[in-house]
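Number of protein chains: 2
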Amino acid sequence: MKINRISEIEKYTRQLEHVSLDRLCDVFKVSKNTIRRDISELAKKGAIKKVYGGITINQTNGVESREPFESREIKYQAEKSQIAKLASDLVDDDDVIFIDSGTTTIHMIPFLANKQNITIITSNLHAIIASIPYPNLNVISTGGVLYRGTNSLTGTEVTTSLRNYNIEKAFLASTGISLTKGVTNISPLETEIKRYLIENSTKTALLVDHTKINVASLMTYGKLEDFSYFITNTLPPSEYVDFFMANNITLLTP
Amino acid sequence: MKINRISEIEKYTRQLEHVSLDRLCDVFKVSKNTIRRDISELAKKGAIKKVYGGITINQTNGVESREPFESREIKYQAEKSQIAKLASDLVDDDDVIFIDSGTTTIHMIPFLANKQNITIITSNLHAIIASIPYPNLNVISTGGVLYRGTNSLTGTEVTTSLRNYNIEKAFLASTGISLTKGVTNISPLETEIKRYLIENSTKTALLVDHTKINVASLMTYGKLEDFSYFITNTLPPSEYVDFFMANNITLLTP
DNA sequence: GACAAATGAGTAAATGTTGATGATATCTTA
DNA sequence: TAAGATATCATCAACATTTACTCATTTGTC
Numbered sequence: 001m002k003i004n005r006i007s008e009i010e011k012y013t014r015q016l017e018h019v020s021l022d023r024l025c026d027v028f029k030v031s032k033n034t035i036r037r038d039i040s041e042l043a044k045k046g047a048i049k050k051v052y053g054g055i056t057i058n059q060t061n062g063v064e065s066r067e068p069f070e071s072r073e074i075k076y077q078a079e080k081s082q083i084a085k086l087a088s089d090l091v092d093d094d095d096v097i098f099i100d101s102g103t104t105t106i107h108m109i110p111f112l113a114n115k116q117n118i119t120i121i122t123s124n125l126h127a128i129i130a131s132i133p134y135p136n137l138n139v140i141s142t143g144g145v146l147y148r149g150t151n152s153l154t155g156t157e158v159t160t161s162l163r164n165y166n167i168e169k170a171f172l173a174s175t176g177i178s179l180t181k182g183v184t185n186i187s188p189l190e191t192e193i194k195r196y197l198i199e200n201s202t203k204t205a206l207l208v209d210h211t212k213i214n215v216a217s218l219m220t221y222g223k224l225e226d227f228s229y230f231i232t233n234t235l236p237p238s239e240y241v242d243f244f245m246a247n248n249i250t251l252l253t254p
Numbered sequence: 001m002k003i004n005r006i007s008e009i010e011k012y013t014r015q016l017e018h019v020s021l022d023r024l025c026d027v028f029k030v031s032k033n034t035i036r037r038d039i040s041e042l043a044k045k046g047a048i049k050k051v052y053g054g055i056t057i058n059q060t061n062g063v064e065s066r067e068p069f070e071s072r073e074i075k076y077q078a079e080k081s082q083i084a085k086l087a088s089d090l091v092d093d094d095d096v097i098f099i100d101s102g103t104t105t106i107h108m109i110p111f112l113a114n115k116q117n118i119t120i121i122t123s124n125l126h127a128i129i130a131s132i133p134y135p136n137l138n139v140i141s142t143g144g145v146l147y148r149g150t151n152s153l154t155g156t157e158v159t160t161s162l163r164n165y166n167i168e169k170a171f172l173a174s175t176g177i178s179l180t181k182g183v184t185n186i187s188p189l190e191t192e193i194k195r196y197l198i199e200n201s202t203k204t205a206l207l208v209d210h211t212k213i214n215v216a217s218l219m220t221y222g223k224l225e226d227f228s229y230f231i232t233n234t235l236p237p238s239e240y241v242d243f244f245m246a247n248n249i250t251l252l253t254p
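Chains as they are written, first to last, in the UniProt record's numbering: chain A, 1 to 254; chain B, 1 to 254.
So this is what it looks like as structure tokens:
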């Protein structure tokens, strides 16, 4: 039965990831010619992909598969990781922390791996996913509507969820800070959430890389003096350093 | 096969962090030229990074990065996709649906891509992530505690969140069904959620593959007659078919 | 038994892969 | 900083695989 063999080829390939034509001929006891006819049908419906010398499986068959996360923001990865390392040093055993949306904050997760009894509350999908491999991290997701701009959850459900928890330390991100405009963000959807956290967390830390300093984005969600910690990867201009000193904000840089 | 060697190079490099070209030539018994071509493909898709004299794996620096999702449950992918296709045919434009945890239900997402104004409510992390590439899907996540067994959200927050929404169709999974024990599940954490959905959704569909029929798992969360639709990949034993007929349950198979 | 579909075998032209070679770029160290 | 060593890249010829054919034979169905 041809149809039978074709679906067997698909299963077989799914198990082995890639298979050579010779192997398929051998396994299914048919000529190369027939295997070729079979796989061109499979390739046409997208189940497998032809490669030179054999075939490979095309995951999520049937319909086209798309990448869930964009070819990720790989700019300044090392810098972001440095910032996140400093931020994670602020986390003590038994802490309940909030991790904001953004690409810097998620770098904290691996650095939290060997602390004890950490509870992470987050609306950041990346943060949840990054936490999966570390079973000692207790992760609580807020509810909310998926916002594809930052792959985070937004809406009133987020603050409603947050009201259930006492957050000791909130690690917030921002798309721009300035002495005059304060702490700003590009997405209005997240403004309410960030404001709530500034109001209701025992301590707040702001994580921004050097490209965000002296930048004003769309909406101001807080003042610089609202934060206990300011964490960045290079020493900011002296007027910022003075401001932090004057306002009792701890500045952390590598 | 070239494709084979390339994926082996990736695995090999992942183990050793960084490898010299000479070493790769030696291990894979091909010329430097070929290795170079292989690694430039790997570099293009971002798996590795070329350095002078060799390659290193691409990872967020500092600490080791782990795979967020297990080497995925690849068994019966085709069958699960078939089931999910049938399930998605039940979804009409403007529907509000719930997608349960489990590996069958998430296959529905790509099939929902070309429907209009669908709202998906879910506690299944995979479902949220799978929805990201399809902007026409409106996705609402319940809040809750990350449960690594199924990569879903659990706890009282889930049902609390669900109370906010009117769900028309709930697509539920199960780890085993039987005529005597009803619809059962292995994880006690999810029982409450599933019961809530049976009670509060206008219609409920049960998606199970052939391996789950005549299996009783730890906890019973509902009766077979609680469901409007039963969707599976092969015709179940006749006593089930009779039961579905008698109880006005629509049976869907390919 | 007749018919249609599927299979195996073979062929030439097109295309993909590989290792050798030499030109150029990059690193090292004196 | 210049020289020597090494790595990278581009090009080419040899070889392997694929494609698109044709055609005889086998298999399955009515």
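Every residue gets a Cβ at the ideal spot worked out from N, C-alpha and C, and that includes glycine.
Query raised in the report: Under 8 Å between the Cβ atoms of B:N138 and B:I167?
Result: B:N138 places its beta carbon 8 Å or farther from that of B:I167.
Query raised in the report: CB A:E157 to CB B:S123, shorter than 8 Å?
Result: no
Query - DSSP three-state assignment for A:I57, whether helix, strand or coil - result: strand
Report task. State whether the segment 168 to 178 of chain B contacts the segment 125 to 140 of chain B, with contact taken as three or more CB pairs (one from each stretch) at a distance under 8 Å. Result -> no
Requested in this report: Write down every uninterrupted run of the alpha helix (DSSP H) in the UniProt domain "HTH deoR-type" (2 to 57) of chain B whose length is 4 residues or greater and which is fully enclosed by it, in chain order.
Outcome: Counting whole runs of 4 or more residues, the UniProt domain "HTH deoR-type" (2 to 57) of chain B contains the alpha helix (DSSP H) stretches 2 to 16, 21 to 28, 32 to 44.
Query - Per-residue DSSP class, three states only, for A:A170 - result: strand
Requested in this report: Classify A:E199 as buried or exposed, calling it buried when 16 or more other Cβ atoms lie within 10 Å of its own Cβ.
Outcome: With fewer than 16 other Cβ atoms from the protein chains shown falling within 10 Å of its own Cβ, A:E199 counts as exposed.
**Report entry** A:K203, enclosing beta strand (DSSP E) - first and last residue
**Finding:** 203 to 207
**Report entry** Chain-order list of residues whose beta-carbon lies under 6 Å from that of B:T60 (same chain, five-residue window excluded)
**Finding:** Bear in mind that a pLDDT of 43 at B:T60, under 50, signals an unreliable position, so the number given afterwards is only what the model happens to contain. Excluding positions up to five away in sequence, the list is empty.
Query raised in the report: What's the C-alpha gap between B:Y229 and B:L251?
Result: 6 Å
Requested in this report: May I ask which residues mark the beginning and end of the beta strand (DSSP E) holding A:V139?
Outcome: 137 to 141
Query - Cβ neighbour criterion (16 or more within 10 Å) applied to A:R15 - result: Per the sequence shown, the amino acid found at residue 15 of chain A is Gln instead of Arg. Exposed, by the Cβ-count rule.
Query raised in the report: What residues of chain A sit near B:V139, judged by a beta carbon separation below 8 Å?
Result: For a Cβ distance threshold of 8 Å, residue set V145, L146 of chain A lies close to B:V139, ordered along the chain.
Requested in this report: Mind reading off the beta-carbon distance from A:S101 to A:E190? Whole number of angstroms is fine, and I expect it under 8 Å.
Outcome: 6 Å
Query raised in the report: Does any residue of chain A bring its CB to less than 8 Å from the CB of B:P237?
Result: no
Report task. Look up A:V241 in the DSSP assignment and say whether it is helix, strand or coil. Result -> helix
Query - B:G53 classed as buried or exposed, judged by whether at least 16 other C-beta atoms fall within 10 angstroms - result: exposed
Query - Reduced DSSP secondary structure (H/G/I, E/B, other) of B:Y147 - result: DSSP places B:Y147 in strand when its eight states are reduced to three.
Query raised in the report: Does any CB atom of chain B fall closer than 8 Å to the CB of A:G53?
Result: The beta carbon of A:G53 sits closer than 8 Å to some beta carbon of chain B.
Query raised in the report: Is there at least one Cβ from chain B nearer than 8 Å to A:P135's Cβ?
Result: yes
Query raised in the report: So which of A:T103, A:L206, A:T232, A:I9 has the shortest CA-CA distance to A:V30?
Result: Here the closest residue by C-alpha is A:I9.
Query - the segment 174 to 182 of chain B in contact with the segment 218 to 229 of chain B per 3-pair CB rule at 8 Å - result: Taking 8 Å as the limit for Cβ pairs, the verdict is that the segment 218 to 229 of chain B does touch the segment 174 to 182 of chain B.
Query raised in the report: Any C-beta of chain A sitting closer than 8 Å to the C-beta of B:S101?
Result: no
Report task. Rounded to whole angstroms, what's the CA-CA distance from A:P133 to A:S238? Just pull it up for me. Result -> 41 Å
Requested in this report: Examine chain A for any beta-carbon lying closer than 8 Å to the beta-carbon of B:E157, and answer yes or no.
Outcome: yes
Requested in this report: Using beta-carbon positions only, say whether A:K49 and A:T56 come within less than 8 Å of one another.
Outcome: Their beta carbons are under 8 Å apart, which means A:K49 touches A:T56 by this criterion.
Query raised in the report: How would you call B:E64, buried or exposed, if buried means at least 16 neighbouring beta carbons within 10 angstroms?
Result: Because the pLDDT at B:E64 is just 42, under 50, the model does not fix this residue reliably, and the value given afterwards should be weighed accordingly. Exposed.
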